[in-house]
Amino acid sequence: MAGKAKDVSALIEEALALELEDAKEAGRLGFMARALVQATMPHSKPESNEFVRTNGFYELTMLAPTAVGLPYGTYPRLLMAWITTEAVRTKSSELVLGQSLSEFMKQLGMNPTGGRWGNIARLKEQMVKLFRTSISCEYSDGERTTLLNVQTVKSADLWWNPQHPDQAGLWESKLVLNQDFYEEVVKSPVPLDLGVLKALSKSPMAIDIYVWASYRRSYAKRITEIPWAGLQMQFGAGYGQDSRGRADFKRNFLKAANKVALYDPNIGLAEGENGLILVPKRTHIRKLS
Numbered sequence: 001m002a003g004k005a006k007d008v009s010a011l012i013e014e015a016l017a018l019e020l021e022d023a024k025e026a027g028r029l030g031f032m033a034r035a036l037v038q039a040t041m042p043h044s045k046p047e048s049n050e051f052v053r054t055n056g057f058y059e060l061t062m063l064a065p066t067a068v069g070l071p072y073g074t075y076p077r078l079l080m081a082w083i084t085t086e087a088v089r090t091k092s093s094e095l096v097l098g099q100s101l102s103e104f105m106k107q108l109g110m111n112p113t114g115g116r117w118g119n120i121a122r123l124k125e126q127m128v129k130l131f132r133t134s135i136s137c138e139y140s141d142g143e144r145t146t147l148l149n150v151q152t153v154k155s156a157d158l159w160w161n162p163q164h165p166d167q168a169g170l171w172e173s174k175l176v177l178n179q180d181f182y183e184e185v186v187k188s189p190v191p192l193d194l195g196v197l198k199a200l201s202k203s204p205m206a207i208d209i210y211v212w213a214s215y216r217r218s219y220a221k222r223i224t225e226i227p228w229a230g231l232q233m234q235f236g237a238g239y240g241q242d243s244r245g246r247a248d249f250k251r252n253f254l255k256a257a258n259k260v261a262l263y264d265p266n267i268g269l270a271e272g273e274n275g276l277i278l279v280p281k282r283t284h285i286r287k288l289s
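Numbering (my numbering), first residue to last: 1 to 289.
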C-alpha cells in the first residue's frame, strides 16, 4: 500500500512539473502569495476596516486606516498575483509597473475604461487600499504559535494620469515591497496559470477557488472530503452561520467552482455528502492556447 501511494505521489508531482513548464513556455506562468491562498481577502466591500479569515490553525487578519478602507473584489487579487509573479521573476523587491497606466492594466488582463463606472478609477482605489493595509498571519496549533505582521509595500510612486491612460509619465511607476513581505512571497509562492486567472477576473470567489485548488493539488495524494463549515470560514466568512447562510455559501461556492471548471476541466472538485470532495488530478494547462 505504501509503495502504491508513493507511485501516485510521483505521478502527481511529474504532472505538475509538466503543466508548469507548459505554462512557462506559453508565457502564462504566474504565482500567488501562499499566505493569501490559505485564507482569502474580502469578496465585497467590508463594513469595517478589520477583516479576519481562518483556515484550521491558520488565521489571516487585515487592518486598514478607517478613511481608506480594506481592499476587496477581483482587483486586489489580480494585483497580488502580478506583484508575486514579478517578485519571483525579477528576484527583486523593487518592481516597475510600466510607463503608462494602460500598459500596466493590460498586464492584468484589463482594457482601460474611464468615467465614473470605469475600471481606471476603481483599480487605483484598490491599489491604494491594498498598499495601505497591514496583514497579520498567525499559525497556532495549541503547542506552537508563529506570527508574521507585514505591509505589502514600503513605498510607491505612481506617475499616471487617469484621464490619459496611454500617456507615459515623466518617470516609470514603481513599487518597493516591504522586505519581510518580499521574502515571504518568494520563499514558497503558489504557481498558477495567468490565463485562467484573467479569465475568472469577474469573480473573486472563482479566483480564490482556482488558486486554492492549484495549491492543494501540489501536495494532495488522496481523495479528501473537506467539511463545508471549514470552507465557509476560509472562503465566505460574510455568510451567516445559520442553515440559510450555510446553504447560500454552498450554492455560491459550487456555482463559482463550475466557472473554474470551464477553464480547468480537471479541477478535481465535487460535491460530497458532508463537504467538498477534492480529487488529486493534474490541471489542463497544456490545453490552453
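Glycine is no exception: its CB is placed at the ideal position from the N, C-alpha and C atoms.
- Here the C-alpha atom of ARG53 lies approximately 30 Å from the C-alpha atom of ASP157.
- Beta bridge pairing from DSSP links SER134 with LEU63, GLN151.
- Uninterrupted alpha helix (DSSP H) stretches at least 4 residues long and entirely within the segment 188-268 occur at 194-199, 204-217, 228-235, 243-263, given in chain order.
- For VAL185, the number of other beta carbons within 10 angstroms of its own is at least 16, and it is reported as buried.
- Per DSSP, GLU172 lies in no alpha helix (DSSP H) and is assigned neither H nor E.
- ALA39 places its beta carbon less than 8 Å from that of ASN55.
- Contact check for PRO65 and ARG132: beta-carbon distance about 6 Å, within the 8 Å limit, so the pair qualifies.
- DSSP, reduced to helix, strand and coil, places THR145 within a strand of the structure shown.
- Between the alpha carbons of GLY272 and SER102 lies a distance of about 44 Å.
- Classified as buried, GLY69 has 16 or more neighbouring CB atoms from the shown chains inside 10 Å of its CB.
- Boundaries of the beta strand (DSSP E) harbouring THR54: 50-55, taken from the DSSP string.
- Leaving aside the five residues that flank GLY275 on each side, the residues in its chain whose CB is nearer than 6 Å to its CB run, in chain order, GLU225, ILE226, PRO227, TRP228.
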